[in-house]
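K.L.:
4 protein chains.
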Amino acid sequence: MLPAVDGLFFDIVHALDCSCRYCQEGMRQAGLEPSRESDRKAFGRRVLEEWIQEMSAFVRSFDPEVTIFYNAGHVGPSHRSVADAYTHWEIESLPSGGWGYLHFPIAIRYARTLKRESLGMTGKFHTSWGDFHSFKNRAALEFECFQMLAHGAKCSVGDQLHPRGRICPVTYELIGSVYRQVEEKEPWCAGATPVAEIAVLTPEEFTGERIPAPSAGATRILQEGRHQFDFVDTSADLSPYRVAILPDGIPVTGALGEKLRAFLNAGGAILASHRSGLTPEGDAFALPEWGVRYLGEAPYSPDFILPSGAIGEGLPETEHVMYLRASHVRATQGTEVLAETIVPYFNRTYAHFCSHRHTPSSGQRGYPAITQRGSVIYFAHPIFTQYHENAPRWCRMLVLNALRRLLPQPLLQVNGPTTLIATLTAQETENRWIVHLLHYVPERRGSRFDVIEDVIPIYDIAVQVRTLRPVESVRCVPEGRTLSYQSAGGAVQFTVPEVVGHQMVELSFRE
Amino acid sequence: MLPAVDGLFFDIVHALDCSCRYCQEGMRQAGLEPSRESDRKAFGRRVLEEWIQEMSAFVRSFDPEVTIFYNAGHVGPSHRSVADAYTHWEIESLPSGGWGYLHFPIAIRYARTLKRESLGMTGKFHTSWGDFHSFKNRAALEFECFQMLAHGAKCSVGDQLHPRGRICPVTYELIGSVYRQVEEKEPWCAGATPVAEIAVLTPEEFTGERIPAPSAGATRILQEGRHQFDFVDTSADLSPYRVAILPDGIPVTGALGEKLRAFLNAGGAILASHRSGLTPEGDAFALPEWGVRYLGEAPYSPDFILPSGAIGEGLPETEHVMYLRASHVRATQGTEVLAETIVPYFNRTYAHFCSHRHTPSSGQRGYPAITQRGSVIYFAHPIFTQYHENAPRWCRMLVLNALRRLLPQPLLQVNGPTTLIATLTAQETENRWIVHLLHYVPERRGSRFDVIEDVIPIYDIAVQVRTLRPVESVRCVPEGRTLSYQSAGGAVQFTVPEVVGHQMVELSFRE
Amino acid sequence: MLPAVDGLFFDIVHALDCSCRYCQEGMRQAGLEPSRESDRKAFGRRVLEEWIQEMSAFVRSFDPEVTIFYNAGHVGPSHRSVADAYTHWEIESLPSGGWGYLHFPIAIRYARTLKRESLGMTGKFHTSWGDFHSFKNRAALEFECFQMLAHGAKCSVGDQLHPRGRICPVTYELIGSVYRQVEEKEPWCAGATPVAEIAVLTPEEFTGERIPAPSAGATRILQEGRHQFDFVDTSADLSPYRVAILPDGIPVTGALGEKLRAFLNAGGAILASHRSGLTPEGDAFALPEWGVRYLGEAPYSPDFILPSGAIGEGLPETEHVMYLRASHVRATQGTEVLAETIVPYFNRTYAHFCSHRHTPSSGQRGYPAITQRGSVIYFAHPIFTQYHENAPRWCRMLVLNALRRLLPQPLLQVNGPTTLIATLTAQETENRWIVHLLHYVPERRGSRFDVIEDVIPIYDIAVQVRTLRPVESVRCVPEGRTLSYQSAGGAVQFTVPEVVGHQMVELSFRE
Amino acid sequence: MLPAVDGLFFDIVHALDCSCRYCQEGMRQAGLEPSRESDRKAFGRRVLEEWIQEMSAFVRSFDPEVTIFYNAGHVGPSHRSVADAYTHWEIESLPSGGWGYLHFPIAIRYARTLKRESLGMTGKFHTSWGDFHSFKNRAALEFECFQMLAHGAKCSVGDQLHPRGRICPVTYELIGSVYRQVEEKEPWCAGATPVAEIAVLTPEEFTGERIPAPSAGATRILQEGRHQFDFVDTSADLSPYRVAILPDGIPVTGALGEKLRAFLNAGGAILASHRSGLTPEGDAFALPEWGVRYLGEAPYSPDFILPSGAIGEGLPETEHVMYLRASHVRATQGTEVLAETIVPYFNRTYAHFCSHRHTPSSGQRGYPAITQRGSVIYFAHPIFTQYHENAPRWCRMLVLNALRRLLPQPLLQVNGPTTLIATLTAQETENRWIVHLLHYVPERRGSRFDVIEDVIPIYDIAVQVRTLRPVESVRCVPEGRTLSYQSAGGAVQFTVPEVVGHQMVELSFRE
């Protein structure tokens, strides 16, 4: 009989590219060809999945309640098919250990859609596992733990025991200093679930990359716009969301096309960019709802967007360079062109040359840059990848302006610097929502990775939450300080006087 | 006759590695061998220098007052010998254009020691030259311009004119919005010279690198410690300084040894690390004043520093990992060991293995890590390079604690987050000093470079300035808001209520 | 006026891949794209050809009789279009200087079809040009000069003068020792033209290679078979030949197809191998006369040929391995399969393995290896390339047996070792033919190149010449020794008692 | 009990570079460091040798008479220490299978000095092992087998059986056609041992190369000079030899120096070249007997030898280029300079340039090229490596002329082309010697390897054998044709009327 244990954590569980004679035999039986890399990898994935299912069944034959997790340093779309074999998700993500500060938000925003409790796992090290006698900056540890809470996840901080078996008191004082705060915050986190209204289809489902460039750009843009969003895969139920974003390269099969059409018919809106929406063959848009016809790659690059009207709000009406090549599209009958491209005099080649980088605008209109047809807005450029490359502010603003057309009343609106992250969770059993405000700024202080060292307080942050339900009180928690607020049009507005790193605000609803 | 011009800016003026027959002939006459790369480069440098001298003489034969600058994207020790041919220094440094945010402070802190007016040059582009129709974030442009002011330099913002010759009004509104502020600040910047008390010997003199790792690390540590410092070369006059820092790899020739000994005898102090202080042969320390004997490379790495006492102030008394290999030294008679290394059980090789990274501490003392003999403190590790690699906070603290022993009363002491930069300039003709406080945080928001987007105000910054002279008033300028202050022990103390990006504080001295 | 000169030799005249602005302009005017390598090379060739035409016209404006040659170390199909600008061909070909012993026969056999006098050029060096104070072995120099004579070419032996201007007597004794023999042989060489009955289409026309592998293999096979052959390009008149060989990879356009059909209709025969005969698209044979349908690449390789009957004469009736992959063809109605392939048990892959190299024969018949339809014999394997790779004797024998079917009475038949080369030239003005017998064996004695050192005499060589015309006398020349001979069926037969390196035999025809 | 077998052939027995834990442990016990490649290889060799000893002891415990061989495709100096574990040597050497035609003579000439019966092993394949359904040219198989006989070795011809187990009759007819001849020759080969008077020290002992360039060059030169020689290692007994050759790079330790001095004192002579004779440190000659002092590398290269007198016999008295750089030596008092170098005007560098290759002779004498002191002749150039590179005839002649000074009456003198190989074996029990004359010429007919196809008979070969003993009869065997001969001065002279591939001549001694 298995001794009583709480749970089992199986570490370093990866699919392998194996050519042993058993795998070769298995591939042949499965009609796969062992000399083809893609077949070997598919088979490796299949072997892994079968093993996971078997192992969980075996464990549960002893104790059906025990927790089970198979760790691969990430949770993503490949976990969906074996989710039943897991009791929960653990997102291993040490920002200084190769994951960076973008991995955790991307992974947790997906993992939590798979209907399991989630947990974030960082380490106490300055760098990564095995970095004995190093200490993460305390502000960094705070940020990493509080960000987990803000996403509805539990916390885990890894250490490695000295071989003599002596606990390092300095480490535990460091962790303790943060966990004492977590403990105080816990009542507002227990059982909390994130509230999201935007579904971003994850390119990981198609590329297998853990941090696809379009996901990284979308995460930054939406976080800096304080939107509430999940990453989803194409098997997800879209009905809980109001907007679906298809960033840069989401192919649309027949099945996905049907799902998106139903989503639009049910009142949803879509924001798609660049090659998103093309069929898997990549030569035509799958749905007429997109409002554009695909002609190929844009003939000029870089080209320019001339923002004006609502899509250009906050931007001067002048050309803004787009460094990455757009798709060349034509608006179909009835589609509104929100912004045109302006083309350069010529592409820069050996034959034509201008200055240090690209050729300036000729002032001539080119082809559509941003279009809208009904509830679908389409960007011809890979605008999310662009933002991940070098973060042009105008790219973020164009996306956020487009979202404002599709989602005029977002769940959460917050002022303050774009370094401020804001999320929303619900404790349904407590009949309340929690607004999380996080302000920690990673800086590339050493050449290897970003660090956080300071807590820079910010003050008087104006917040508006679209609750639809009547609110009974607004309080900074756990402190308990009551905030005055105004209700109007299904939303409450209030001002948070001070955010010192992390501040939760409780919105209690009337019964 | 030359038409009346204000000045001449010769662009892209580099020494070349040339093998043309004239250069070959020149090399042979100079006893250099054209097939040897180092000889060709030396000759290229010589040709360049002669040309610069000739060209300036030629220009001045028409107008001795015209300004002259030869641009190579950098100013460094190689400019010293031809400084007379220049009227001033222009530091071309676009942080998003390959220079990064560390280049300007390193270059200006050196250039200003060459006794010429200096000017910082950035661009209005989101990336670099030729990036038509792009716009730098306004906060970034503010930071870059105000940082120039804070270092006693003038401002230059580059643009590139559209070939049609039309000025882009958006660009000039952007620049204007910052230059209007510069104009208001100008009365406190005109004729201002930086006040510094620490001289950091630049490794560039030996390696030719524009951003040597030890310089990058030293710049961050000293800026985060709010110290006032210059980079100097070995020809510099050290007498204006109270401390000289030799970061990680400054060889000490006989002449430099004499200079350093005189500096010590005159009351100066020295902080040296790793291989700094070794003779050019690299096998022995040049001066007995160093207080240590060189034995070679440390036998263990990584090893650990156990901080305690004054050198460990603010750090727990436990092992702290040092990732880079130290020099192995023995303290000579009478030298105080401020911190010992603690060694691991073994070096990690194929033969001995422990966990994911390095081997933990065995608890055994190894060899000196930090020593002091008189006014010389020596770090066995390349602590400045280490800080540039991954910014361990304990490394900065050890250096700052060591500096506190050598410089108990620094010119400027400022609280607030380490993201705050503080500098000091003097307007001798106005009989006043100006404290500059800068708070802008670059973030690696895109994968290509750091951006600054927000101004994050900070409040109630306590400042202490060692003036020695009696102060008559302390005012935030250009606003003119008077601050209350206290004088004691040759210093004044006051609190700056708010820093919104950049704040200057004027200290007027009594006549 | 040009001073009286005999001729002009322009050296090192190559087409260049040039991107200067004049060439760019020229390419654009010609509708070529300068960024495309193939366009640049085509243009370079065109520039060269125009220059050659212009230069010859210029030279001839002074003296229309002067000799003119532009040297590029080779003469090949690219010379045809500018042949008028040349007065003769000089084949620079130093076997030890990178050309090897195969270059000269390949180049001269082509050049002489362009209707100009030809000249072979070797050097007196042990290696190549500029190898001062070295001496070619005398037997090697003999072979190189006498081989020129045997191909109807004149001789040139290059030297390089010592800068002091003194002639090296040893060099001129060496050259003289050979040239004295050439002088004696001259009466039988002056005005002599090669007599050939086989035209081998040169792959150089399609690949630009100077020594294409199929040409190298064909040269060895046909020389070892003592056949009389030229290399020709597709513009050549085929009517003087009785057999055309298309070795391994000669594509057949519509025009070439017509020419070959006319050749067949006029009584010619064709031997083609592997991909020769496919259309330029490469997926079907151009002419039904080939007698085979193209199905793609052979499914097995290596596979085996089972020779039998006439095609296998001299070979045992057992499998013979063919290392290179065949074309997969099916014989069309009425085509005779001269030899089948026998296939191995399986191809050797990771999945099936047998021994050190290839899989042995399964004994199963595969697909046709050699077919004949009318006067066309087709080999499915690249048999000429194969012979160039590793010289399997069975490959040569299969080709020679096939030729015997197409050319039952070749011009020349000679016994003796395969190291013996035999050629035939005609002195029409003298009403006589000359048989050249050459016996020198290059050996890879050093690792860099082949050398010839010895003259190995051979004896009693039986010769048969198909003259059709009645012969009056057969004499060894220049010695004058008369040989007895027999005439029968349009041929004469005689025995050459001794070949010491080179022996000419004169056949005088009756008036 | 072991069933009765004739012998055991262990195939593919190599020393391995192994890092398994057992080998690591073994290395540490042996004081070797597993992370050092040279230590691992030394240990791998040691493991192999121990295993060989153990295995032979084990086999012999069952049957002390059984034959034992461990095959590694070569026999060389590393076999000496384990020779007792072998009953005989088998020299696997397929000329077309990567070994080339030089491997067998080099390997057998060494192996036979280790006092074991030897056997040559080739294959019946056109290329190498596993080349099913291919057939070596019959003349090639003859040469390979008869060459084994000529070196006193037995014959082995490898085949690979078709998996169906059927013997290929064509193969066995091929082998049979040669073996029938071997059978006839056998009475004159059984128990025959090679007779040699020159010992060439093998560079393999120092470099581990199987075909060192100096060995290849020496083999060609001595074979073409019809000398009788062995390759030996430094442990060999030199007393049976009259001359020792140290080709190009044989270092002389103290022990070897003593051995060579004893050899000289006993009447032996030495021919050494280039770096042979230097101490292992490489900066001075080990023995004053060398007659030269080492000054470093020659200042010029290429330089020239001016042959004259006896050393230049057969060569014109003019400069002959030496392509490889000589050692720079000075003749010591009493040493005769047989030939001087003549130096070029300058070395060819970017600074001085002349023509396509090297600079011609300035006519100035440089430094000694060939010296003689007593019985030691020294060549400053790596003349054996030179001959292996590109076979300059003058290099061979200089060596052979030098040998004539040291060995005025060689065992065997043969005229005829240099393609003729001549060896001498003794059948002591029969009281006779056998002269082997071999004439087969490998030609690089395909690009991959040399082939032999023809037997080119040669006639009237004059032979002189220094027998010292009175001869009773001279007969061509096995035919039995008696030759007339003359005896004079301890030698017999006779003429072999015809050599068709291989001819043995029996010299029967009077009792």
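Chains as they are written, first to last, in the numbering used here: chain A, 1 to 511; chain B, 512 to 1022; chain C, 1023 to 1533; chain D, 1534 to 2044. Backbone N, C-alpha and C fix where the C-beta goes; we use that ideal spot for every residue, glycine too.
Within 10 angstroms of the Cβ of P169/A, are there 16 or more other Cβ atoms? Answer buried if so, exposed if not.
P.N.:
By the neighbour-count rule (16 or more Cβ atoms within 10 Å), P169/A is not buried but exposed.
K.L.:
Using a Cβ-Cβ cut-off of less than 7 angstroms, give me the residues of the region 821-855 of chain B that come near chain A, in sequence order.
P.N.:
Answer in chain order: P827, T829, E830, H831 and V832.
K.L.:
Enumerated in chain order, which unbroken segments of the beta strand (DSSP E) with a length of 3 residues or greater are wholly contained in the region 19-83 of chain A?
P.N.:
The qualifying runs are 67-70.
K.L.:
Does any residue of chain C have a CB that is nearer than 8 angstroms to the CB of G1663/D?
P.N.:
Yes, contact with chain C.
K.L.:
Is the distance from the Cβ of T1224/C to the Cβ of F1253/C below 8 angstroms?
P.N.:
Contact flag set, yes.
K.L.:
Kindly list, in the order they appear in chain C, the residues whose Cβ is closer than 7 angstroms to that of Y350/A.
P.N.:
In chain order: S1057.
K.L.:
At what residues does the alpha helix (DSSP H) containing Q1525/C begin and finish?
P.N.:
From DSSP, Q1525/C is part of no alpha helix (DSSP H) but of the beta strand (DSSP E) over H1524 to F1531.
K.L.:
Which residue's Cα is closest to the Cα of R444/A: H950/B, V962/B and L949/B?
P.N.:
Ranking H950/B, V962/B and L949/B by Cα distance to R444/A puts V962/B first.
K.L.:
Short of 6 angstroms in beta carbon distance, which residues of its chain neighbour M2037/D, apart from the five on each side in sequence? Order them along the chain.
P.N.:
Cβ within range, chain order: W1721, I1967, H1969 and V2010.
K.L.:
Do you know how far the Cα of L1541/D is from the Cα of R1395/C?
P.N.:
Using only the alpha carbons, I get a separation of about 56 angstroms.
K.L.:
I'd like to know whether the C-beta of V1010/B is nearer than 8 angstroms to at least one C-beta of chain A.
P.N.:
No, its Cβ sits nowhere closer than 8 angstroms to a Cβ of chain A.
K.L.:
Among the residues of its own chain, which have a CB less than 6 angstroms from the CB of I563/B, if the five just before and after it don't count?
P.N.:
Hits under 6 angstroms: Y581, V593 and A596.
K.L.:
Let me check understanding here. Comparing Cα to Cα, which of R992/B, P968/B and A999/B lies closest to Q975/B?
P.N.:
Nearest of R992/B, P968/B and A999/B to Q975/B, Cα basis: A999/B.
K.L.:
For D670/B, which residues in chain A fall below 9 angstroms Cβ to Cβ?
P.N.:
Chain A residues near D670/B: none, gap ~12 angstroms exceeds 9 angstroms.
K.L.:
Could one say the Cβ of T1951/D lies closer than 8 angstroms to chain C's Cβ atoms, at least one of them?
P.N.:
For T1951/D, the answer is yes, since a Cβ of chain C falls inside 8 angstroms of its Cβ.
K.L.:
Apart from the five residues on each side of it in sequence, which residues of its chain come closer than 6 angstroms, Cβ to Cβ, to S484/A?
P.N.:
Excluding sequence neighbours, S484/A sits near nothing in its chain.
K.L.:
Among I1838/D, E1582/D and I1639/D, whose alpha-carbon lies nearest the alpha-carbon of P1901/D?
P.N.:
Of the listed residues, the one whose Cα sits closest to P1901/D is I1838/D.
K.L.:
Where do the N-terminal and C-terminal ends of the beta strand (DSSP E) with S118/A fall, by residue?
P.N.:
Element bounds for S118/A: E117 to G123.
K.L.:
Report the CB separation of A1161/C from G1388/C in whole angstroms; it is logged as a contact under 8 angstroms.
P.N.:
Contact flag wrong, Cβ pair sits at about 47 angstroms.
K.L.:
For T1215/C, count the other beta carbons within 10 Å of its own beta carbon; 16 or more makes it buried, fewer makes it exposed. Which is it?
P.N.:
Classification for T1215/C: exposed.
K.L.:
Mind checking the region 1399-1416 of chain C against chain D and listing, in chain order, the residues whose C-beta falls within less than 8 angstroms of any C-beta there?
P.N.:
Cβ contacts with chain D come from Y1409, H1410, E1411, N1412, A1413, P1414, R1415 and W1416.
K.L.:
Determine, using beta-carbon pairs with one atom in the region 1311-1328 of chain C and one in the region 1350-1364 of chain C, whether at least three such pairs fall under 8 angstroms.
P.N.:
Yes: the two stretches touch, three or more of their Cβ pairs being nearer than 8 angstroms.
K.L.:
Ignoring anything shorter than 4 residues, give me the alpha helix (DSSP H) runs that lie fully in the region 902-969 of chain B, in order along the chain.
P.N.:
You should have 904-917.
K.L.:
Can you list, in chain order, the stretches of the beta strand (DSSP E) that have 3 or more residues and sit fully within the region 816-881 of chain B?
P.N.:
831-833, 838-842 and 847-855, all fully within the region 816-881 of chain B.
K.L.:
Rounded C-beta distance between P1464/C and Y1123/C? I'm assuming under 8 angstroms.
P.N.:
Contact holds; Cβ gap of about 5 angstroms.
K.L.:
Taking Cβ-Cβ distances shorter than 7 angstroms, what residues in chain A pair up with V962/B?
P.N.:
Result: A391.
K.L.:
Any beta carbon of chain A sitting closer than 8 angstroms to that of H673/B?
P.N.:
H673/B counts as touching chain A.
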